[in-house]
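Following: one structure in structure tokens, then a few remarks.
Protein chains: 2
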Amino acid sequence: MVEDPTSLSIGQVAERTGLSIHALRFYEQEGLFVNAVRRGAGGRRVYDQDDVDWLTVCIILRASGMPLTVLRRYTDLVREGGDNAEERLALMREHQERVTSQISRLTESLDLIKFKVGVYEDLVDQGDAAAEQCHGSSLT
Amino acid sequence: MVEDPTSLSIGQVAERTGLSIHALRFYEQEGLFVNAVRRGAGGRRVYDQDDVDWLTVCIILRASGMPLTVLRRYTDLVREGGDNAEERLALMREHQERVTSQISRLTESLDLIKFKVGVYEDLVDQGDAAAEQCHGSSLT
DNA sequence: CTAGGAACTAGAGTCCCCTCTAGATCAACC
DNA sequence: GGTTGATCTAGAGGGGACTCTAGTTCCTAG
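Residue numbers (my numbering), protein chains in the order written: chain A, 155 to 294; chain B, 155 to 294.
Here it is as structure tokens:
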């Protein structure tokens, strides 16, 4: 194999991005690459660093809850080019809002969770104390 | 219907919790109620405020990403009673960790998203400026 | 009495996001 | 030339969490 240092096999991309090989093919099928994935010897996919960079963005957007359909729309806009910044802006702002509200929802939930943890810590402490005083009693 | 103020129909519970009637039946089927749901005239489900309170907890835990299987395990522990506080504590602590790390992942993602929003804001501004100078040109 | 609306059951369907299978092909090394 | 290991395609499978359907039953009001 002619070792073009800028070209990567699907396995290498999987390794670098943490996505599975299956997922990479799936993403391609779903139109989530800005540039069509080239093919090398024997029809094998050839990626480059730009693809990895783009996937990194995709992974972050996915991790923050962007559905594939939206990610795909975004990819389309990026592929399409420069004169649709408003749309990309709108899409990103919408996503930003979703993420911030998700963070605040989680933060609120965390209050309850912390409260529950506190309650059970107390219960466990009481349980231990009771056990010391009175072996094996299950008062609580 | 004898209006017992403490007993609620499935429709009332759906209204108060925001869960759908379908979801309530589904949750019951999945064992997510601490106390078996009683049945009234004609086999209809009868709930009370405790059920609503419990569902409120469930909703918060679900909203913070607890899978139904874990929620079910937790429900089992609560149903079982007082001498398993350690297990409940462990479960809640684990969930707490998941939630805190999810929050930090989201917060990290938010950095990229904000950056992108900034980039597109600039692009849009430039676009507007360019459009003022030179009607309809698409330089970017 | 009848109509309307709410609830019942069992089970199928949906949506999302992959993941895996099967069987074929290809490249590289010994 | 043969084996090994990576890759290919098309399509099926799976898990999570509901959601909906169909057909029926029941309560309440008019």
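We put the CB at the ideal spot given by N, CA and C, even for glycine.
Consult DSSP for residue i and reduce its assignment to one of helix, strand or coil.
i, result
"residue 199 of chain B", "strand"
"residue 260 of chain A", "helix"
"residue 186 of chain A", "coil"
"residue 162 of chain A", "strand"
"residue 218 of chain A", "coil"
"residue 174 of chain A", "coil"
"residue 235 of chain A", "coil"
"residue 274 of chain A", "helix"
Is residue i close to chain A? Criterion is C-beta to C-beta, closer than 8 Å.
i, result
"residue 254 of chain B", "yes"
"residue 274 of chain B", "yes"
"residue 281 of chain B", "yes"
"residue 217 of chain B", "yes"
"residue 170 of chain B", "no"
"residue 214 of chain B", "yes"
"residue 226 of chain B", "no"
"residue 264 of chain B", "yes"
"residue 164 of chain B", "no"
"residue 277 of chain B", "yes"
Taking 8 Å as the threshold (beta carbon to beta carbon), is residue i in contact with chain B?
i, result
"residue 239 of chain A", "yes"
"residue 195 of chain A", "no"
"residue 259 of chain A", "yes"
"residue 250 of chain A", "yes"
"residue 222 of chain A", "no"
"residue 232 of chain A", "no"
"residue 243 of chain A", "yes"
"residue 209 of chain A", "no"
"residue 191 of chain A", "no"
"residue 247 of chain A", "yes"
"residue 186 of chain A", "no"
"residue 206 of chain A", "no"
"residue 167 of chain A", "no"
"residue 173 of chain A", "no"
"residue 178 of chain A", "no"
"residue 200 of chain A", "no"
Per DSSP, which residues does residue i bridge with? Please list them.
i, result
"residue 192 of chain A", "A:200"
Evaluate the contact criterion for the stretch 199-217 of chain A versus the stretch 167-184 of chain A: three or more CB pairs, one atom per stretch, below 8 Å.
yes
Is it a yes or a no for the stretch 226-239 of chain A touching the stretch 220-238 of chain B, going by three-plus beta-carbon pairs under 8 Å?
no
Should the stretch 187-207 of chain A be called in touch with the stretch 217-226 of chain A, which here means at least 3 C-beta pairs below 8 Å?
no
With a cut-off of 8 Å, do at least 3 Cβ pairs link the stretch 265-277 of chain A to the stretch 242-257 of chain B?
yes
Okay, do the stretch 160-167 of chain A and the stretch 199-211 of chain A touch, 3+ Cβ pairs below 8 Å being the bar?
yes
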